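Just so we're aligned: the sequence shown equals residues -19 to -1, 1 to 301 in mature numbering (1 follows the signal peptide of the UniProt record, and there is no 0).
Input: a single structure, listed below in structure tokens.
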Amino acid sequence: MKSRLAALLLLFCAHLAHAAAPTVLQRPIDLDTGHGVLHGSLLLPQQATPPPVVLIISGSGPTDRDGNNPAAGRIDNLKRLALLLAGEHIASVRYDKRGVAASQPASPDERELSVEGYVADVVAWGQALRHDPRFGPLILVGHSEGALIASLAAEQAGASAVITLAGSGRPVADVLREQLAQRLPAAQLAAGVALIDRLQAGQTSLDVPAPLRQVFRPSVQPYLISLLRQDPAAAFARLKVPALIIQGRNDVQVDVADAERLKAAKPDAELALIDGMNHMLRISPRDMHQQRDSYRNPELPLARELGERMVAFIRGLPAT
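Below is the structure:
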């Protein structure tokens, strides 16, 4: 009798959980910036009150709205993040940056790209979402380089909060010099460092060492110059809204020390260090050679604690 009652109770709870899952509207969403149209995806839970809306900002290079990059293939980590949030009654917009994927026509020449341009686009998205009666408070969520863009845009966008995912806490020039020191022989390292010094001084260069020609090609150097001007920790320190820093302990691209620098810059920010999570926001071994599947398999789930911490933070924001 007791086992039968227990089984009935489990079925009843499962029914309630299923009933609580929101109906989610999924549709394209576009933004005419006046300097090109940006294309994105909207996930909007259907409910009586406007839900919070998260604007998801992807990382560096030609990374699209879903977290995919032509060099790495299909990953879908940002798409999975949006679906996770929708299941928790949180709306989201994720978009292709100008010059990327469906938004490529907005800036077909990468020499036109800059950090300031990306920030202006986030501000435009934020203002559009804030004035849309379908949405409640706006939260900016930036992954990797997107974390810097979120910090720089938050005030003008009218964001109620910022969440950084695997965001660097150091100036990019320092990170690049460190990476070159790890990967280049001494004979090429001096030339690589000299190139970074020139870019940091605002000067482009055609003298690019052979191993660096793809990353430092002349057409991308104007963007790098704009990026090297930025200090992520200083930008984060200027935030006047609640913030959450999320960093995986098994991230081989961004270190826990970066998250701790962000926390030191804004002591009232929340810091979540997630055991086992890597740069793709998935649970993975620490060794890079054993992380390859998480960079290639879009079916792998995101780290469970990632969703838990984000949802708890968003639900705990002050009412506006």
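Where a beta carbon is used, it is the ideal one built from N, C-alpha and C, also for glycine.
Note that the structure is predicted; figures quoted are calculated from it, not measured.
- Close CB contacts of Phe217 within its chain, under the 6 Å cut and outside five residues either way in sequence, are with Ser132, Leu243, Ala246 and Lys247 (chain order).
- As DSSP reads the structure, Val5 sits in a beta bridge with Pro26.
- Beta bridge pairing from DSSP links Arg75 with Ser22 and Ile37.
- The stretch 112 to 140 contains, as complete alpha helix (DSSP H) runs of 4+ residues, the segments 126 to 138 (chain order).
- With the rule of 3 Cβ pairs closer than 8 Å, the stretch 135 to 142 does not count as touching the stretch 168 to 179.
- For the pair Ser125 and Ala167, the Cα-to-Cα distance works out to about 29 Å.
- Taken through DSSP and simplified to helix, strand or coil, Glu251 comes out as strand.
- When secondary structure is reduced to three states using DSSP, Asn58 falls in the helix class.
- Within the DSSP secondary-structure output, Val143 pairs in a beta bridge with Leu121 and Ala224.
- Within the DSSP bridge table, the entry for Met258 names Ile264 as partners.
- By the C-beta density criterion, Gly150 is buried, having at least 16 other C-beta atoms within 10 angstroms.
- Ile144 and Leu129 have their C-alpha atoms spaced approximately 10 Å apart.
- Where Val292 is concerned, the enclosing alpha helix (DSSP H) starts and stops at Arg285 to Arg296.
- In this structure, Arg79 lies near Gly98, with their beta-carbon atoms less than 8 Å apart.
- Rounded to the nearest whole angstrom, the CA to CA distance from Arg230 to Phe294 is 20 Å.
- Per the C-alpha coordinates, the member of Asn278, Tyr276, Ala253 and Arg263 positioned closest to Arg290 is Ala253.
- DSSP lists Gly54 as the bridge partner or partners of Asn50.
- For Asp57, the closest of Leu287, Gln27, Ser95 and Glu280 by C-alpha to C-alpha distance is Glu280.
- Within 10 angstroms of the beta-carbon of Leu146 lie 16 or more other beta-carbons, which makes it buried.
- With contacts defined by Cβ atoms closer than 8 Å, Ile38 and Leu161 do not form a contacting pair.
- Arg296 is positioned such that its CB atom lies no closer than 8 Å to that of Leu283.
- In chain order, Ile227, Ile255, Met258 and Leu262 place their CB closer than 7 Å to the CB of Leu287, counting only its own chain and leaving out the 5 sequence neighbours on each side.
- In the assembly as shown, Gln271 is an exposed residue. Its beta-carbon has fewer than 16 other beta-carbons within 10 Å.
- The Cβ-Cβ distance between His16 and Ala83 does not fall below 8 Å.
- Annotated as proximal: Ile71 and Pro33, with beta-carbon spacing under 8 Å.
- When DSSP states are grouped into helix, strand and coil, Leu12 belongs to the strand group.
- In this structure, DSSP gives Gly183 a state outside helix and strand, which the three-state scheme calls coil.
- Cβ contact annotation for Gly148 (same chain, cutoff 6 Å, sequence separation greater than five): Ala128, in chain order.
- Secondary structure at Gly229: strand, using DSSP grouped into helix, strand and coil.
- In this structure, Val292 sits near Glu69, with a CB-CB distance shorter than 8 Å.
- Under the DSSP assignment, Ala214 falls in the alpha helix (DSSP H) whose first and last residues are Pro213 to Ala218.
- Ranked by Cα distance from Leu62, the options Gly48, Gly54 and Arg55 are led by Gly48.
- Taking a 10 Å sphere around the C-beta of Thr44, we find 16 or more other C-beta atoms and assign the residue as buried.
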